[in-house]
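First residue of the sequence shown? That's 127 in our numbering, and the numbers climb one at a time after it. Backbone N, C-alpha and C define an ideal beta-carbon position, used for all residues, glycine too.
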Amino acid sequence: MIGRTADRVLAAAEALLALALAAMVVMVFGNVVLRYVFDSGITVSEELSRFLFVWITFIGAVVVMRRGGHLGFDLVVRMLPGVGRQACRIVSDLLMLLCCGMFLRGAWSQTLLNLDNPAPVSGVPLGWAYAAAVLSAVGLGLLVAADLIGALRGQDPPEPPTLLEDPGA
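Written as structure tokens, this is what we have:
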């Protein structure tokens with residue numbers, strides 16, 4: 127049940143990522159054309175495309191985490207017996223949860239600190255850019271917590287994609 131719900135949420139996130147990327151491309155390309163052909167430009171496009179890039183990066187990290195596409199080094203762990211692999215997985219998940227908690231705390235502080243600080247051109251509160259990190263920390267933390275619960279129940283971890291496989295397939 128949780129897996130299907132997470133897959134639906136991440137499918138929606140992927141659609142939003144595609145829309146954000148398309149908007150970013152249109153703004154940047156349109157601005158380049160306007161500057162070089164008409165000697166004018168849309169001043170807000172650079173700032174908004176930067177904000178979209180931040181959101182794409184942080185939300186994309188959650189999507190890639192769900193697919194198991196982040197880089198990992200498991201040469202030593204694969205040589206361990208089953209109990210050792212399981213212990214390493216649990217310790218790894220606990221450390222990642224700690225990192226997600228620290229990430230969330232810092233991102234939340236920066237978001238609150240910058241909510242009253244407007245961007246120079248668009249006037250959008252800069253806290254909205256930092257909110258992407260908050261959402262990313264929560265998403266990553268939930269995925270790691272789900273993996274930790276699976277590890278504590280003795281479930282095998284999902285196989286990560288190889289270099290020859292598409293992680294989204």
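What are the start and end residues of the alpha helix (DSSP H) that includes residue i?
i    : result
V260 : G253 to L278
S321 : Given a span of 127 to 295 for the chain in the structure shown, any question on residue 321 remains unanswerable.
E172 : T169 to R193
L201 : L201 to M205
In whole angstroms, what is the alpha-carbon distance linking residue i and residue j?
i    : j    : result
C214 : V159 : 53 Å
D133 : V163 : 44 Å
Y256 : V135 : 21 Å
I185 : R193 : 13 Å
G253 : V260 : 10 Å
P207 : L274 : 19 Å
M127 : Q281 : Annotation note: pLDDT 48 at M127 (below 50); position unreliable, no value reported.
A258 : G265 : 10 Å
T131 : L239 : 33 Å
V209 : T237 : 41 Å
V170 : L142 : 21 Å
Suppose contacts are defined by Cβ-Cβ distances below 8 Å. Is residue i in contact with residue j by that definition?
i    : j    : result
D219 : A277 : yes
V189 : E140 : yes
A148 : I182 : no
M150 : S166 : no
F179 : V250 : no
Check whether the region 232–248 touches the region 267–286, counting contact only when three or more Cβ pairs, one atom from each stretch, lie closer than 8 Å.
-> no
Does the region 140–158 touch the region 231–241, meaning 3 or more C-beta pairs lie closer than 8 Å?
-> no
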